[in-house]
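Colleague: This is the structure I have questions about; it appears just below.
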Amino acid sequence: MLPTRTILLVALAAVLAPPSWAEGGGVRPEDARPPGLLLLQERLGLGGKQAIGVYGAVADDKTPGLWRIKLWDEQPNDVKVRSETIRCTPQAPMRVTSDGPNLYIRELNPGGAITTANRIDHLVWWATCFPEQAGKDPAGLGPLARQLGYSGSLRESEQIVPGRPR
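Note that our numbering has the sequence shown beginning at 81, numbered continuously upward.
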């Protein structure tokens, strides 16, 4: 049996190892950011930078206030790009996203309470609906939301639609 110290050193070496892109001469995720990316959050995490942003917003031709966007989810060794739908209307603000197998429909309350559970939803919503507010703390945007016609008193909810098993 290996001594605890040896196991800890091996585990620490695995965590601190350089990312795979550094060994193979690949592109760092942050260097692959698309043009027009609105960076919403960037922080140092375990292994390197983590960032979230949106880009490629396209208004729906038939439904006013509905947008299709790309969400950029950057991890130290990986990037995920998801297509999302955002509804900006004061009556029913919403974010539709997925994690692969499941679809999440989140009814939002711009101008309402911001928590760790809904912060990313609101960052994405504000960046899509009002790009000049991209990256600002949504907790401080309540007065602006009310000025823009959002009550701040809507009920937030989430519906999860399971996808087909693969």
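Using N, Cα and C, we set each Cβ at its ideal position, and we do this for glycine too.
Determine the closest residue to W152 out of Q121, P144, P242 and I194, with distance taken between C-alpha atoms.
Modeller: On the sequence shown, residue 152 is found 72 positions in, with the first residue counted as 1. Nearest of Q121, P144, P242 and I194 to W152, Cα basis: Q121.
Colleague: Can you find at least 3 beta carbon pairs, one from the segment 204-213 and one from the segment 237-245, that sit closer than 8 Å?
Modeller: Contact fails: fewer than three Cβ-Cβ distances are below 8 Å.
Colleague: Evaluate P109 with the Cβ neighbour count: other Cβ atoms within 10 Å of its Cβ, from every protein chain shown; 16 or more gives buried, anything less gives exposed.
Modeller: For the purposes of this step, residue 109 is taken as residue 29 along the sequence shown, with counting starting at 1. Buried, because 16 or more other Cβ atoms sit within 10 Å of the Cβ of P109.
Colleague: Determine the closest residue to G192 out of R244, L221 and F210, with distance taken between C-alpha atoms.
Modeller: By 1-based counting over the sequence shown, the position of residue 192 is 112. Taking only the C-alpha atoms, the option nearest G192 is L221.
Colleague: Compare the C-alpha of I185 against each of M174, T195, D179 and T208 and name the closest.
Modeller: Taking the sequence shown and counting its residues from 1, the one referred to as residue 185 is at position 105. It is M174 whose Cα lies nearest to the Cα of I185.
Colleague: Quick check: what's the CA-CA separation for N196 versus L234?
Modeller: Working through the sequence shown from its first residue, we reach residue 196 at position 116. Working through the sequence shown from its first residue, we reach residue 234 at position 154. Note that residue 196 corresponds to Thr in the displayed sequence, not to Asn. Cα-Cα distance, rounded: 18 Å.
Colleague: Considering only DSSP beta bridges, list what P223 is partnered with.
Modeller: Within the sequence shown, numbered from 1, the residue matching residue 223 stands at position 143. P223 pairs with nothing; no bridge assigned.
Colleague: Strictly by DSSP, which residues pair up with W152?
Modeller: As a first step, residue 152 must be located in the sequence shown, where it is residue number 72. Note: W152 sits in a beta bridge opposite G133 and V161.
Colleague: What's the call for V134, buried or exposed, on a 16-neighbour Cβ count within 10 Å?
Modeller: Counting from 1 along the sequence shown, the entry for residue 134 is found at position 54. The residue in question, V134, is buried, as its Cβ has 16 or more Cβ neighbours within 10 Å.
Colleague: So, with DSSP's three-state summary, where would you put I194?
Modeller: The sequence position of residue 194 within the sequence shown is 114, counting from 1. Three-state result, I194: coil.
Colleague: Thinking C-beta only, is I200 closer than 8 Å to I149?
Modeller: Here residue 149 corresponds to residue number 69 of the sequence shown, with the count starting at 1. Here residue 200 corresponds to residue number 120 of the sequence shown, with the count starting at 1. No, the Cβ-Cβ distance between I149 and I200 is not below 8 Å.
Colleague: Spell out the partners DSSP gives N182 in its beta bridges.
Modeller: Here residue 182 refers to the residue found at position 102 of the sequence shown. Answer is P242.
Colleague: Give the straight-line distance between the Cα atoms of V138 and G116, rounded to the nearest whole angstrom.
Modeller: Sequence index remark: in the sequence shown, residue 138 carries index 58 (1-based). Sequence index remark: in the sequence shown, residue 116 carries index 36 (1-based). Near 13 Å, if we compare the C-alpha coordinates of G116 and V138.
Colleague: Below 8 Å CB to CB, which residues in the same chain sit around L118 once its five sequence neighbours on both sides are set aside?
Modeller: Residue 118 sits at position 38 when you count from the first residue of the sequence shown. Here the set comprises G133, V134, Y135, A207, P211, A214 and G215.
Colleague: Go ahead and label R167 buried or exposed: buried means 16 or more other beta carbons lie within 10 angstroms of its beta carbon, across all protein chains shown.
Modeller: Numbered from its first residue, the sequence shown carries residue 167 at position 87. Per the 10 Å Cβ criterion, buried.
Colleague: Would you kindly report the start and end of the unbroken beta strand (DSSP E) that includes A234?
Modeller: Here residue 234 refers to the residue found at position 154 when the sequence shown is read from its first residue. The amino acid occupying residue 234 in the given sequence is Leu; Ala does not appear at that position. No beta strand (DSSP E) holds L234; DSSP gives it neither H nor E.
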